[in-house]
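S.K.:
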Amino acid sequence: MKVSFTPGRRRALVALAAAIVAAPAFLVAQGQINGAGATFPAPIYSKWFSEYGKLKSVAINYQPLGSGAGIRQLTNQTVFFGATDGPMTTDQMQAAPGKILHLPTVLGAVVPIYEVPGVTAELKFTGPLIADIFMGKVTKWNDPAIVKLNAGVKLPDLDITVVHRSDGSGTSYIFADYLAKVSPEWAKTVGVSTAVKWPVGLGGKGSEGVTGLVKQTPGSIGYVELVYALQTKIAFGSVQNAAGEFVKASIPSVTAAAAAAVKAMPKDFRVSITNAPGPGVYPMASFTWLLLYENPKDKAQSKVMVDFMKWALTDGQKFATGLGYAPLPAEIVKLELAALATVKVS
Amino acid sequence: MLRRLRGRDLGFKLGTGFFAALLVAIVLGIGFELWRQSMLSIEKFGFGFWVGEIWDPVSGEFGARPFIWGTLYSSVLALVLAAPIALGIAIFLSELCPARLRMPLTFLTELLAAIPSIVYGLWGIFVLVPVVRSFEQSLPASLRALPLFSGPPVGVGMLSAVLILAIMVVPFASSVAREVLKAVPGSQREAAYALGATRWEAIRAALFYARTGIIGSLILGFGRALGETMAVTMVIGNNPQIKASLFAPGYSMAAVLANEFAEAADDLYLSALIEIGLVLFAITLMVNMASRLLIWQMNKPVRAPRAARLPVGAATAGGAA
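Each protein sequence line maps, in turn, to chains A and B. Position 245 of the first sequence, counted from 1, bears residue number 245 in the working numbering, the numbering being contiguous throughout. So the mapping is simple: the working numbering equals the position in the second sequence, first residue as 1, plus 346.
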């Protein structure tokens, strides 16, 4: 047995090695458009990309790595588009090599979930009460502040266990953003971010982690996305909106929150619609945004993405409800189609 | 012919040498890259990062102490819990077990090591945590007043993390320790019996012979506990605080990385998270170096009276240390 590298074998090995190294570059060159970002809208984005792929035979690939990773990769131009649950900050916008457009795609909402032994009625909350509970200032279920809102419900003398997301998340962003608007103390001591310094409580990883902890821990309260609560059929409470009504999150009440924000909509769509004014509005709601460069290098990919966005904002919206997202109100879609016209495609 | 063989020898030497060098380069590369990417945080916080207790992404203040505490506390307790169990399993399997049972039992412990940690985590949430919660609730108030057991009995927290880590560490430590014990030459035991030793004394002689390998197996388990991410994240409670209580939620370095890395958009925040990685890297390195030192210390020529009792090769124990 003689094992040695004959010239022929060596050449074959070199060719094989070259093929392995070159393969990823070859795949990218096929014209696939890559994007990365928020996990919250990932189900509808993959639905959209697969449906649109059937219509137009274009390949759009989305990696749900998280809003932060999406913004970073978009800024470094390793992906063509990004997606985020919280709008980019002005600093982040300035760090990017070109102007970035925020395009709302669908709406999501956050709902309070709880597990109180002996309580079957749906509980009512106000924003300041939720803030006080999550800051550890209201610690018992029979606290007068909770009893006052829920007349007729027999609340036990039980400690409240607060459960929050341990991972950075758009859900936490919406939740903290709302609490900062209704509680000056929350705004001052905790603030708004995808991950904050939680004053009290346990951290659960992901919606399933939070739900698992809440379901198992008697006397606990947490928050999850409406999509998740609807899919897993968890009971959730209603929250008082800016007009003073107690509203339970539903797809119409979330779309209403966006419609209420139309008048005050800034040109770049970087707006928070939590605690929106008006009747029938659910207060813990938010857009989720897709991020595009206004003047990207690759104009062919830009054309494909603009066409896709036009479809997603019109025909594509019909997929939203089925997946638990609230569709955009028509007024917002009109504004966005105008904004899309500014993206350079040639 | 001879020349070709020599050439082949040289090629073999160079080839294996290259892989060994590659390993060194990878370790150095990881260390350097972690250091480079955490420069922003190192410059801003300096040594304060190691002792700071506040982790606030909103205001941009980062300190790693609660995470360092959580990682070390949970890992040390898990090792304390796992070491006697792992050693017991290893001794039973290599010395006392009937031959018929040995294979299936060995297979089962090794199977335990192959379960992915996310499965341990899910099992932890749905099975272990409720059990721990009822245990916590059943403790009498007098015990609950002790600092070790203070806090609300929610099940999720340090105790659950310690238990799950211990379960994960046992198969690692026990299968390596068993291999080490198996490698002890039969002559060791025979010599002990020949001197009139009882079974227990013969096992003790074998344990003494294999001591460096056994310590190595425990360090391996400790390393696994330090770096364990998913299962711990799911049951530790993810609250960055320093509490001696087993019932209080804590946080670990690996868990905060898994939780917060994806959404960290701000440069300083990301840099601070990478510095957590650097700290974990440094601590793991220190633990390994400490264990090496310990083993070197033990491998020094054995003192005369011991050498007289255990003459054969007692100073050159092998194993997977």
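All C-beta atoms, glycine included, are put in the ideal place defined by N, C-alpha and C.
1. Less than 9 Å separating the beta-carbons of B:F408 and B:E621?
2. Checking contacts by CB at 9 Å: is B:V397 closer than that to chain A?
3. Contact defined as beta carbons within less than 8 Å: I believe B:L509 pairs with B:F495. What is the distance between those atoms, to the nearest angstrom?
4. Near A:A257, which residues of its chain fall below 6 Å by C-beta distance, leaving aside the five closest residues on each side in sequence?
5. Helix, strand or coil: which one does DSSP assign to A:A22?
6. Using a Cβ distance threshold of 8 Å, determine whether the region 151 to 161 of chain A contacts the region 208 to 223 of chain A, with at least three qualifying pairs required.
7. Taking a Cβ distance cut-off of 9 Å, strictly less, list which residues of the region 469 to 483 of chain B are near chain A, in chain order.
8. What does the Cβ neighbour count give for B:L442, buried or exposed, with the cut at 16 atoms within 10 Å?
9. To the nearest whole angstrom, what separates the beta carbons of A:I60 and A:F308, a pair I think is in contact under 8 Å?
10. List the residues of chain A whose Cβ lies closer than 8 Å to the Cβ of B:G583, in chain order.
11. Hey, out of B:P493, B:K589 and B:P499, whose CA is closest to B:V478's CA?
12. Quick one: what's A:V106 bridged to in DSSP?
13. What's the C-alpha gap between A:A330 and A:V106?
14. Cα-Cα, which of B:I471, B:G353, B:Y419 and B:F518 is closest to B:G559?
15. Give the interface partners of A:D157 over in chain B, defined as CB-CB distance under 8 Å, in chain order.
16. So the candidates are B:V625, B:A428 and B:Q643; which of them puts its Cα closest to the Cα of B:A376?
17. So, using beta-carbon positions, are A:P87 and A:I332 closer together than 9 Å?
18. When you compare only the Cα positions, how much space is there between A:P112 and A:V192?
19. Listing by chain order, which chain A residues have their CB less than 8 Å from the CB of B:E379?
20. Hey, how far is the Cα of A:T78 from the Cα of A:L328?
21. Take the Cβ of A:D91 as the centre, count every other Cβ of all protein chains shown within 10 Å, and call the residue buried at 16 or more, exposed below.
22. Could you tell me the alpha carbon to alpha carbon distance between A:K154 and A:D143, rounded to whole angstroms?
23. Residues in the same chain with beta-carbon distance under 7 Å from A:Y178, minus the five sequence neighbours each way, listed in chain order, please.
24. Can you look up A:L228 in the DSSP assignment and give me helix, strand or coil?
25. Just the chain A side, please: which residues come within less than 7 Å of B:D402 by C-beta, in chain order?
26. Which whole-angstrom value is the C-beta distance of A:G212 and A:S166, which I expect to be below 8 Å?
27. Quick one: which chain A residues come within Cβ less than 9 Å of B:T580?
28. Within the chosen definition, does the region 413 to 427 of chain B reach the region 501 to 515 of chain B through at least 3 CB pairs nearer than 8 Å?
29. Can you tell me the Cα-Cα spacing of A:E225 and A:K297, whole angstroms?
30. How would you call A:E336, buried or exposed, if buried means at least 16 neighbouring beta carbons within 10 angstroms?
31. Comparing the C-beta of B:F568 with each C-beta of chain A, is any distance below 9 Å?
32. Identify the contact partners of A:Q374 in chain B, using a Cβ-Cβ distance below 9 Å as the criterion.
33. Can you give the beta carbon distance from B:A601 to A:G68, rounded, assuming they're within the 8 Å contact cut?
34. The alpha helix (DSSP H) spanning A:T139 covers which residue range?
35. Report yes or no: is there a C-beta of chain B within less than 9 Å of the C-beta of A:V21?
36. Whole angstroms is fine: what's the gap from B:P476's alpha carbon to B:T452's?
M.R.: In short:
1. Yes, they are a contact pair.
2. No, B:V397 does not count as interfacial toward chain A.
3. The distance from the Cβ of B:L509 to that of B:F495 is about 15 Å, inconsistent with a contact at the 8 Å cut-off.
4. Leaving aside the five residues that flank A:A257 on each side, the residues in its chain whose CB is nearer than 6 Å to its CB run, in chain order, I273, A276, V281, Y282 and A285.
5. At A:A22 the pLDDT is 47, less than 50, meaning the model places this residue with poor confidence and gives no usable figure here.
6. A contact exists between the region 151 to 161 of chain A and the region 208 to 223 of chain A.
7. Listed in chain order, the positions of the region 469 to 483 of chain B with a beta carbon within less than 9 Å of a beta carbon of chain A are I471, F472, V475, P476 and R479.
8. The C-beta of B:L442 has fewer than 16 other C-beta atoms within 10 Å across all chains shown, which makes the residue exposed.
9. Between A:I60 and A:F308, the beta carbon gap of about 7 Å places them in contact (Cβ cut-off 8 Å).
10. Listed along chain A, the residues sitting closer than 8 Å to B:G583 by beta-carbon distance are L202 and G203.
11. Ranking B:P493, B:K589 and B:P499 by Cα distance to B:V478 puts B:P499 first.
12. Answer is A:T288, bridged to A:V106.
13. Those two C-alpha atoms are separated by around 12 Å.
14. For B:G559, the nearest C-alpha among the options comes from B:F518.
15. Around A:D157, no beta-carbon contact reaches into chain B at under 8 Å, the shortest distance being about 14 Å.
16. One point to set straight first is that residue 376 of chain B is Ile, not Ala, in the sequence displayed. Measuring from the Cα of B:I376, the nearest candidate turns out to be B:V625.
17. Going by C-beta atoms, A:P87 is not nearer than 9 Å to A:I332.
18. Cα to Cα, A:P112 sits roughly 18 Å from A:V192.
19. In chain order: nothing, as chain A lies at least about 16 Å away.
20. Between the alpha carbons of A:T78 and A:L328 lies a distance of about 29 Å.
21. With fewer than 16 other Cβ atoms within 10 Å, it is exposed.
22. Cα to Cα, the separation comes out at about 12 Å.
23. Counting only residues of its own chain and dropping the five nearest sequence neighbours on each side, A:Y178 has a CB closer than 7 Å to the CB of G127, T274, N275, P283 and M284.
24. Position check: residue 228 of chain A holds Tyr in this sequence, whereas Leu was assumed. It is helical.
25. K197, listed in chain order.
26. Wrong, their Cβ atoms sit about 12 Å apart, outside the cutoff.
27. One point to set straight first is that residue 580 of chain B is Met, not Thr, in the sequence displayed. Correct list: G204, K205, G209 and G212.
28. Yes, they touch.
29. Per the coordinates, the alpha-carbon of A:E225 lies some 36 Å from the alpha-carbon of A:K297.
30. By the neighbour-count rule (16 or more Cβ atoms within 10 Å), A:E336 is buried.
31. By this cut-off, B:F568 is not an interface position.
32. The question about residue 374 of chain A has no answer here: the residues shown for chain A are numbered 1 through 346.
33. About 17 Å separates the CB atoms of B:A601 and A:G68; that is not less than 8 Å, and the two are not in contact.
34. Secondary structure note for A:T139: it is in no alpha helix (DSSP H), with a DSSP letter that is neither H nor E.
35. Model confidence at A:V21 stands at a pLDDT of 48, short of 50, so the residue's coordinates are unreliable and nothing is read from them.
36. The alpha-carbon atoms of B:P476 and B:T452 are separated by roughly 30 Å.
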